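**Q**
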Amino acid sequence: MVESTPQVKRVSALAGHYKPVSSERVGVTLQEIRDLTLWQLAVWPDSLSSTAAQVADSFGIASVPDFCSSGTSGNISMLRIEPCKFWIVGSALSEIDSSKGAVIDLSHSRTHVRVTGADATTVLNSYLPLDLRERSFPAGGVASTAFHHVGITLWRSEHGYELFLPRGFAVSLWELLCEASEQYGLSVNDRL
Amino acid sequence: MSASRLPDGGRIDRSTPVNFKWDKQNFSGFAGDTLASALIASGETIFGRSFKYHRPRGVMSAGVEESGAIVTVGRDDRRDPNVKATTQEIYEGLNASGQNAWPNVRTDIGAVNNLMSRFFSAGFYYKTFMGIPPMEWGKGTGIWMQYEKLIRKAAGMGVASREPDPDTYEHGHRFCDVLVVGSGPAGLAAAVKASLAGLDVLLVEQDFELGGDYLNQSTPEAELTRTAALKALKEAGATVMTRTSAFGLYDYGVAGLLERVTDHLADPPQHTPRQRFLTVRAKHTILATGALERSIAFGNNDMPGIMTAAAGATYVNRYGVLPGNQVVVATSNDSAFTAAIAMAKAGASVTLLDARESLPGGAAKLLESHGVNLKSGSTVLEAHGRKGISNLELAVKSSNGWSAGETLDCNLLMLSGGWSPVVNLLSHRGVRPVWDSQNLCFVSPGHDEPIQMAGSANAVWHTEDCEASGAAAADSAIAAINNQTTSIVVPATGGWESPIEPLYEVTVEGRKLKSFIDPQHDVTADDVRLAHQEGFVSVEHLKRYTTLGMATDQGKMGNIIGLALMAEALGRDIPEVGTTTFRPPYTPISLGALTGRGKGAHFKPLRRTPIHEWNLAHGATMTEAGLWQRPWYFARKGEGITEAYIRETITTRESVGLVDVTSLGKIAIQGPDATEFINRIYSNAFAKLPIGKARYGIMLRDDGIVMDDGTTWRFSDTDYFMTTTTAHAAKVMVWLEELLQTRWSHLKVHVTSVSEQWAGSAVAGPKSRDVLSACVEDATTVTNDALPFMGVIETRLKNGAPCRIARISFSGEMAYEMYVGSDYAESMMDLLWESTQTFDGCLYGTEALGALRIEKGHVTGVELDGRVTIEDAGLGAMVSDKKSYIGSALRKRPDLNRVDRPQLVGIVPKDRSETFKAGSVLCAEDKLEGHGEGWITAVTHSPSMGHWIGLGYIKGGYNEWSGKTVVAADPVRRGNVDVEIISPHMVDPSGERMRG
């Protein structure tokens with residue numbers, strides 16, 4: 000299905016759930032990246048190298064990202080979320096022949112929250128049982144993990160931590176993030 | 000007043016006075032004081048009353064092993080019972096009070112129990128349960144019933160708040176190369192060495208100050224070493240946490256920590272949690288947890304004014320408090336010498352009783368040079384005094400044990416019966432400590448955990464040796480982490496000049512003494528002997544029978560004495576008797592910390608559909624469906640749930656209704672082998688499902704029982720969209736993924752959960768097509784020809800949002816399921832609702848949804864409950880016999896094909912004005928017993944039929960029971976109702992309405 004822009008605006012899961020915060024010191028900044036464009040590329044073991052490389056190449060990404068890793072070119076990133084599955088953040092994918100793999104639009108399925116700041120790691124570690132130390136989870140790292148019993152995808156981009164929350168749980172998890180962040184000084188960045 | 004604050008010395012900040020309340024009276028101390036040190040300095044001696052006998056108790060230690068000064072801190076909803084005064088920092092406004100006493104700890108009516116102590120001896124509860132032989136044998140339970148309330152009221156220590164906890168708590172995860180527990184000489188040395196080697200070190204200390212035993216020493220060297228180590232740690236970038244207890248060790252280097260974040264603050268900063276419950280994953284763990292000094296059992300050894308020797312020195316050196324000026328020190332080992340000297344230096348008159356007959360000359364000289372009066376070969380037989388010790392009776396070594404000696408006046412008695420290394424955390428790993436007969440304590444044996452014991456936790460006594468021991472432990476950790484083999488010199492254990500002598504209990508023939516071994520639970524030496532006389536042999540049974548070591552200190556003070564006495568009674572050695580197993584937590588942790596932020600609205604994660612806010616804005620009352628929030632009913636003015644759902648049901652049957660169905664599971668199935676895959680998982684034929692069509696499917700488990708049902712839509716040769724029930728969405732997704740990854744890895748199929756991608760609404764009722772026509776970009780795409788029953792299309796809404804529609808019906812009416820991208824959900828609902836209103840349609844919730852499907856006889860999770868076959872559910876005709884699918888073999892088992900299996904039926908009350916309840920047991924009219932013949936799964940008022948109806952299962956089904964009276968038995972709720980069994984397809988059985 001080819002995406003064309005509908006007249007209607009997308010409504011975020013978090014709409015109406017931002018609460019004003021004020022803090023002198025800011026240790027954690029939360030920002031929702033709205034209107035997420037997220038497509039999944041799933042390939043077969045025998046088409047992995049060719050198909051994934053073609054797609055990476057078409058976005059100017061140098062090589063197929065390794066397991067639990069990602070590649071970025073400009074505003075488009077390719078995250079390896081499973082051995083044979085990739086997420087493309089920032090661009091739609093065109094249909095491919097089923098012998099090569101399958102593409103699917105997941106843009107509405109996740110709420111994209113960016114967590115940055117000096118205390119971002121501590122706040123995330125109040126829920127995520129993941130070793131986020133620089134040497135274990137450097138920039139570019141991708142992980143599937145659990146956030147308050149909910150499976151989420153975590154990506155460390157050049158900007159900071161990028162959380163992809165299942166849309167239906169987004170409000171619940173957003174509230175928990177805010178609650179845990181307030182002690183460090185929370186800023187909610189409402190601009191794109 | 001015998002105790003006093005010393006004019007100088009100690010680590011307290013004398014420029015910062017701190018005011019607090021103890022038992023409603025105002026007191027003050029200094030920053031750096033514990034509640035115990037501040038109160039001792041103010042002359043307080045009684046801190047609590049004992050568990051059973053209400054004996055007055057004072058401060059017995061200066062740390063976590065405290066068994067006397069157990070108090071309640073805070074009030075109202077912040078009341079925290081059983082806090083150790085010896086570890087509670089004072090802060091401005093602290094409000095502490097005594098417990099287990101009325102009206103207060105100084106004057107306690109309950110002290111009358113002390114006179115009846117023989118009735119409360121070992122096995123008190125056991126005997127109360129069982130009855131006291133011989134006259135009460137067999138009456139135990141009856142007696143328990145009579146006294147239970149009284150006993151429950153009297154038992155227990157302290158009273159927890161019954162109000163909701165107003166504080167917040169949080170969880171956290173930490174990772175490191177080396178976790179060092181304890182910041183004493185060994186811990187600091189280990190942490191410094193490991194940090195300097197480039198390892199990521201986490202050092203945790205339960206105290207509010209770093210330094211461990213350095214803090215209790217008075218020499219300038221100790222302080223210099225301590226500060227140098229802290230500086231080195233800081234420079235090396237180690238993470239250091241104070242007020243943090245490592246309470247448990249678990250598999251694979253996992254440690255549990257409790258960080259007390261605000262417990263010491265008068266005015267905690269907003270949003271800061273009270274405590275953090277942290278899970279640490281460390282490659283290596285160094286336990287520099289120290290050792291605890293043991294008491295000695297003798298008469299009235301629990302009296303206020305009696306504490307361990309090291310505690311006395313700690314109050315002098317760390318807190319600048321002299322707990323008594325007329326001091327007797329009783330010891331069995333060298334360690335108490337420095338304590339005795341510290342007391343003498345602080346101005347007390349000191350007598351040292353050494354149980355050993357000969358002392359090394361050097362030690363004796365040193366003691367005498369400080370004015371300590373030395374009596375060797377003697378110890379304490381019994382302490383005397385009213386509310387605190389005022390004199391004691393000596394025991395003097397004689398040919399056959401001890402004999403009574405002279406009486407000495409004193410107001411402070413300090414004891415050292417030896418030291419017990421803190422092996423508790425290692426014990427959590429299942430490593431059983433072994434008895435060190437030289438040092439008379441349990442120590443770590445060899446083991447294969449990546450855990451090192453260091454310092455006095457490994458029975459190394461001298462400070463310098465502890466430092467070396469810590470460094471050696473760090474060397475081991477460094478070598479292990481870097482995969483190196485190096486030879487490491489570990490300092491020898493022990494270090495006392497003359498050997499320790501066993502001294503657990505002091506008795507004299509013919510003297511009856513009340514000698515406590517576990518003061519927290521009031522367990523005496525006689526209790527242990529009584530348990531032995533009553534036949535207890537195993538130390539684990541002894542523990543449970545006497546409650547020895549079962550108080551909040553887990554036997555930190557008394558266990559070894561108890562074991563020694565048991566060994567003596569059994570005529571065995573201590574190692575033969577063994578020790579009980581320590582279990583987490585090392586020190587108590589609050590329930591709030593275990594809960595973290597997972598409480599209230601976040602007890603479980605709430606799952607909201609993209610239509611959630613829209614539903615609320617349109618008057619929905621919500622209900623829970625698993626984690627999902629779903630609209631239950633949309634009450635109009637004056638309506639309750641009953642009026643609302645009946646109206647919604649009627650409106651939908653007569654015109655049109657909308658319901659949020661987003662919670663249904665949705666799975667994209669893609670790939671060249673998708674058709675083959677789907678054909679294998681559904682029991683009915685799917686191989687020839689045309690593109691642009693949907694089909695209802697039932698999947699079985701391997702064992703032939705129904706797993707789930709739903710519809711699967713075909714968009715292309717290789718692209719399917721499956722819906723599942725709300726309840727089984729995750730289960731089905733996991734199942735499909737498992738099949739692909741384990742059994743059928745050769746199939747080129749990918750499954751992706753798209754439950755969150757698509758928001759859905761059902762549009763049901765005779766006017767549903769008209770509503771749809773008004774909402775889609777091109778009305779010709781939804782005509783009866785373009786979109787017939789079970790047809791599927793992909794199109795756009797009028798506002799341009801892409802959507803997919805299937806003409807499928809759960810309600811039995813002509814109906815559609817329409818899905819759009821979740822972020823477009825509200826716009827879809829706006830469009831649908833605008834059009835629906837022109838037909839006087841309605842919004843409906845799960846209650847009306849239930850009524851509609853019960854009338855139609857459609858099954859849901861309550862009918863497909865993991866016990867029924869496809870035939871039981873009345874859907875056997877759908878099954879394909881021409882293919883093999885999951886469950887196709889085992890569904891043919893004889894027991895699954897019995898004709899008398901419970902089968903799906905409709906149920907109506909015989910008297911149509913009657914009602915009945917889901918969960919009722921269906922019984923034959925003449926046999927109201929047992930599990931009956933079946934059960935009712937769902938009930939509703941049926942607007943179409945004008946009376947109550949239900950679905951359920953009954954043995955043999957409709958054919959067996961048609962025309963007979965059946966009883967819906969509901970003995971504990973509604974009572975019994977006569978019902979009739981009918982076909983489950985109660986409305987439009989031929990399906991004309993949905994095809995129309």
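First to last, the sequence lines map onto chains A and B. For reference, each letter of the first sequence is one residue, going 0 to 191 in numbering that gives the first Met the number 0. For reference, each letter of the second sequence is one residue, going 0 to 995 in numbering that gives the first Met the number 0. Think of the CB as a built atom: it goes at the ideal place given N, C-alpha and C, for glycine as much as any other residue. Note that the coordinates shown come from a computational prediction; the quantities given were computed from them, not determined experimentally.
In the DSSP assignment, what residue or residues form a beta bridge with Thr722 of chain B?
**A** B:Lys665
**Q** Determine which residues of the stretch 19-52 of chain A have a Cβ less than 7 Å from any Cβ of chain B, and write them out in chain order.
**A** Gln39, Ala41, Trp43
**Q** What whole-angstrom Cβ distance do Gly183 of chain B and Gly454 of chain B have, given they're in contact under 8 Å?
**A** 6 Å
**Q** DSSP on His531 of chain B, reduced to helix/strand/coil?
**A** In the structure shown, His531 of chain B sits in a helix (DSSP, three-state: H, G or I).
**Q** By a C-beta neighbour count over all protein chains shown, 10 Å radius and 16 as the cutoff for buried, is Met0 of chain A buried or exposed?
**A** For Met0 of chain A, the predicted model reports a pLDDT of 43, less than 50, meaning its position is unreliable; a value from the coordinates is still stated below. Answer is exposed; the Cβ neighbour count stays below 16.
**Q** Give the DSSP-derived three-state secondary structure of Tyr843 of chain B in the structure shown.
**A** coil
**Q** Residues of chain B with CB under 8 Å from Pro82 of chain A, in chain order?
**A** Here the premise fails: no neighbours, minimum Cβ distance about 10 Å.
**Q** Run through chain A and tell me which residues come within less than 9 Å of Gln274 of chain B, C-beta to C-beta.
**A** The contacting residues do not exist; Gln274 of chain B stays about 13 Å from chain A at best.
**Q** Kindly indicate which three-state DSSP category Pro420 of chain B falls into: helix, strand or coil?
**A** strand
**Q** Under 7 Å between C-beta atoms, does Gly799 of chain B make it to chain A?
**A** yes
**Q** In chain B, which residues lie less than 9 Å from Ser98 of chain A when you measure between Cβ atoms?
**A** Pro671, Lys747
**Q** Does DSSP put Asn215 of chain B in a helix, in a strand, or in coil?
**A** helix
**Q** Arg606 of chain B CB to nearest chain A CB: under 7 Å?
**A** yes
**Q** At the 7 Å Cβ level, is His53 of chain B part of the contact set with chain A, yes or no?
**A** no
**Q** Along chain A, which residues have their Cβ under 7 Å away from the Cβ of Ser826 of chain B?
**A** Val7
**Q** Please work out which residues of its chain come closer than 7 Å, Cβ to Cβ, to Val705 of chain B, disregarding the five sequence neighbours upstream and downstream, and give them in chain order.
**A** Apart from the 5 residues on each side of it in sequence, Val705 of chain B sits with its Cβ closer than 7 Å to the Cβ of Ile697, Leu699, Leu863, Val867, Thr868, Ile869, Ala872 in its chain, given in chain order.
**Q** What are the start and end residues of the alpha helix (DSSP H) that includes Gln24 of chain B?
**A** Careful: Gln24 of chain B lies outside any alpha helix (DSSP H), inside the beta strand (DSSP E) at 24-30.
**Q** What's the gap between the Cα of Ser186 of chain A and the Cα of Cys177 of chain A?
**A** 9 Å
**Q** So the candidates are A:Phe146, A:Asn124, A:Thr120; which of them puts its Cα closest to the Cα of Gly26 of chain A?
**A** A:Thr120
**Q** Does DSSP put Gln1034 of chain B in a helix, a strand or coil?
**A** No statement about residue 1034 of chain B is possible, as the shown extent of chain B runs from 0 to 995 and does not include it.
**Q** Tell whether a beta-carbon distance below 7 Å holds between Thr996 of chain B and Trp631 of chain B.
**A** Only positions 0 to 995 of chain B appear in this structure, which leaves residue 996 of chain B out of reach.
**Q** Could you spell out the range, first to last residue, of the beta strand (DSSP E) harbouring Pro893 of chain B?
**A** Segment: none, Pro893 of chain B is in no beta strand (DSSP E) and carries neither H nor E.
**Q** Should the stretch 107-116 of chain A be called in touch with the stretch 770-789 of chain B, which here means at least 3 C-beta pairs below 8 Å?
**A** No, because fewer than three Cβ pairs between the stretch 107-116 of chain A and the stretch 770-789 of chain B fall closer than 8 Å, the two stretches do not touch.
**Q** Across which residues does DSSP place Val996 of chain B in a beta bridge pair?
**A** With chain B represented from 0 up to 995, any question about residue 996 of chain B goes unanswered, as that position is not in the structure.
**Q** Name, please, each residue of chain A whose Cβ falls closer than 7 Å to the Cβ of Val200 of chain B.
**A** Within chain A, no residue comes near Val200 of chain B; the closest Cβ sits about 13 Å away, beyond 7 Å.
**Q** Near Ser160 of chain B, which residues of its chain fall below 6 Å by C-beta distance, leaving aside the five closest residues on each side in sequence?
**A** Asp76, Arg78
**Q** Relative to the C-alpha of Asn998 of chain B, which residue among B:Thr350, B:Ala805, B:Arg355 is closest?
**A** Outside the modelled stretch of chain B, which goes from 0 to 995, sits residue 998 of chain B, for which no answer is possible.
**Q** Taking the alpha-carbon positions, what's the Leu187 of chain B to Gly181 of chain B distance?
**A** Each residue's Cα considered, the two are about 8 Å apart.
**Q** For the stretch 324-401 of chain B, list the beta strand (DSSP E) runs that are entirely contained and at least 3 residues long, ordered along the chain.
**A** 325-330, 348-353, 372-375, 377-383, 390-397
**Q** Can you give the Cα-Cα distance for Leu191 of chain A and Glu31 of chain A, rounded to whole angstroms?
**A** For Leu191 of chain A, the predicted structure reports a pLDDT of 43, less than 50, and the residue's modelled location is therefore unreliable. The matter cannot be settled from this model.
**Q** Going along chain A, which residues have a C-beta under 8 Å from Ser821 of chain B?
**A** Ala12, His107, Ser108, Arg166
**Q** Step through the CB atoms of chain B and report whether any lies within less than 7 Å of the CB of His16 of chain A.
**A** no
**Q** So with Cβ pairs under 7 Å, would you call Val170 of chain A a contact of chain B?
**A** yes
**Q** Assuming Glu504 of chain B and Leu564 of chain B make a contact with CB atoms under 8 Å, what is their CB distance in whole Å?
**A** 6 Å
**Q** Please give the ranges of any beta strand (DSSP E) in the stretch 489-522 of chain B, keeping only runs that are unbroken, at least 3 residues long and fully inside the region.
**A** 515-517
**Q** Which residues does DSSP list as the beta-bridge partners of His283 of chain B?
**A** B:Val177
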